[in-house]
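Numbering of the sequence shown is given in the UniProt record's numbering, commencing with residue 1 and proceeding in unit increments. Glycine residues also receive a C-beta, built at the ideal position from the N, C-alpha and C atoms. Every value quoted in this text rests on a predicted model; they were computed, and no experiment measured them. Below you'll find the structure, written out as structure tokens, and then a few comments.
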Amino acid sequence: MAEIDHIRRLNNFDLREAASKHRELLNNAIQVTCSSSYFQRLYISHKDVGLPQVWPRQPEPLLNPPDERDRLVFFAGRMQNARVRQELLALWGNDTSMDINPSFPYEQGFRRSKYCLHVKGYEVNTARISDAIHYGCIPVLISNYYDLPLANVLDWSKFSITIHEADVVFLKRILLAVPGPMYLSMYQNLEIVRKHFAWNTNPGNYDSFYMTAYQLWLRRGLHRLSRSFFQDFRHIKKDAPIRTYIDANSDGLSIAAHPAARAGATFHVAISIGGTSSTVYTMHPQCDSSFMVTVHDPTAK
């Protein structure tokens, strides 16, 4: 069985330097982060968890249906951040079927377009994917070696399109070649998965909080730290605004949550395995920081 012994919240930049200096921490702790690129030195795809980065917003009750989306593509972002973005602007900036960095409001682009681009900038962490899903715009992922949020529980091929960075010149041809029934199927699937990309003050069934907790639960047996590592970590934070308990047993997974003290608070998850021990995780809905989760054998002395 596994049990939490300490939680430490680290800024994204601090994390890369501090964690890399402790080999046991790097190899055994689960990192929950938005920056989930295979090229990131400290990210281990089979062990770590990509967290959905979501800006707080009110639910969008009605989505624009496909026949009311008169633009093929929408993209907004800083062009100086990456070569691929600059190439995108040079190739398609004057195409009237696409809105590439338009002057009208950000939300309007998502609502009126069939496809919304996610293009790697200075870093790969961005809320643009969740924005597209929120407004019913099919995400088009142009970012090599990017580990998608909730990738081990969702089939992204059913509601998004992935294009290699080298193929951005063929972007329009690829999207126009998508059959109408296939687009409608992706749109319908997008409506289904939208609930997984929403953070709520009080966690709701299948939202980002629960889905991330479920990913952590799936990884519960992958990590083991040495006994000596925990000598200096003997305190668990007790003032968590949200405490969620997940019981894992032969009957499956059950979850119960206490209300949040305030919106945008840090989430703490306690996972019980077989009812005999627990693991606590820390997450934040806006993902402006990363979190390390340390687990160990509670029977170790």
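How should residue i be labelled, buried or exposed, when 16 other C-beta atoms within 10 angstroms of its C-beta is the threshold for buried?
{"i": "P179", "result": "exposed"}
{"i": "S130", "result": "buried"}
{"i": "S157", "result": "exposed"}
{"i": "T96", "result": "exposed"}
{"i": "V169", "result": "exposed"}
{"i": "D147", "result": "buried"}
{"i": "D167", "result": "exposed"}
{"i": "L88", "result": "buried"}
{"i": "F104", "result": "exposed"}
{"i": "A213", "result": "buried"}
{"i": "Q31", "result": "buried"}
{"i": "W92", "result": "buried"}
{"i": "T244", "result": "With a pLDDT of only 34 at T244, under 50, the local geometry of the prediction cannot be trusted, and no value is derived from it."}
{"i": "G77", "result": "buried"}
{"i": "A29", "result": "buried"}
{"i": "D251", "result": "Low confidence applies to D251: its pLDDT is 35, below 50, so where it sits in the model is not reliable enough to give any reading."}
{"i": "N205", "result": "exposed"}
Taking Cβ positions, are residue i and residue j nearer each other than 8 Å?
{"i": "R112", "j": "D70", "result": "yes"}
{"i": "D207", "j": "W199", "result": "yes"}
{"i": "Q215", "j": "V54", "result": "no"}
{"i": "I163", "j": "L171", "result": "yes"}
{"i": "F75", "j": "N101", "result": "yes"}
{"i": "L150", "j": "M79", "result": "no"}
Can you tell me the Cβ-Cβ gap for residue i and residue j, rounded? I've got them flagged as a contact below 8 Å.
{"i": "A82", "j": "K120", "result": "6 Å"}
{"i": "T33", "j": "L62", "result": "Not a contact, Cβ separation roughly 33 Å."}
{"i": "R194", "j": "H134", "result": "7 Å"}
{"i": "Y115", "j": "L175", "result": "6 Å"}
{"i": "P203", "j": "F209", "result": "4 Å"}
Taking residue i as the reference, give the member of the options with the closest Cα.
{"i": "Q108", "options": "E68, Q86, E87, R85", "result": "E68"}
{"i": "residue 306", "options": "M182, T201, R85, P102", "result": "Nothing about residue 306 can be read from this structure; the chain reaches only from 1 to 301."}
{"i": "M182", "options": "Q31, I30, P66, P56", "result": "P66"}
{"i": "V84", "options": "L184, S143, A213, F159", "result": "S143"}
{"i": "P56", "options": "N205, R219, R173, A127", "result": "A127"}
{"i": "L72", "options": "E165, R219, A177, E87", "result": "A177"}
{"i": "F219", "options": "N152, R173, F197", "result": "Here the sequence assigns Arg to residue 219, which means Phe is not the residue at that position. The candidate whose alpha carbon is nearest that of R219 is N152."}
{"i": "S160", "options": "R173, D99, M186", "result": "M186"}
{"i": "E165", "options": "K47, Q86, N64, A29", "result": "Q86"}
{"i": "N64", "options": "W92, I30, A132, N205", "result": "A132"}
{"i": "R173", "options": "G77, M98, I30", "result": "M98"}
For chain B, check one thing: does any of its Cβ atoms lie closer than 8 Å to the Cβ of residue i?
{"i": "Q188", "result": "Annotation note: the requested chain B is absent from the structure, which comprises a single protein chain."}
Exercise for the section: Determine contact between the segment 180-199 and the segment 124-140, defined as no fewer than three beta-carbon pairs at a distance below 8 Å. Expected result: Segments in contact, yes.
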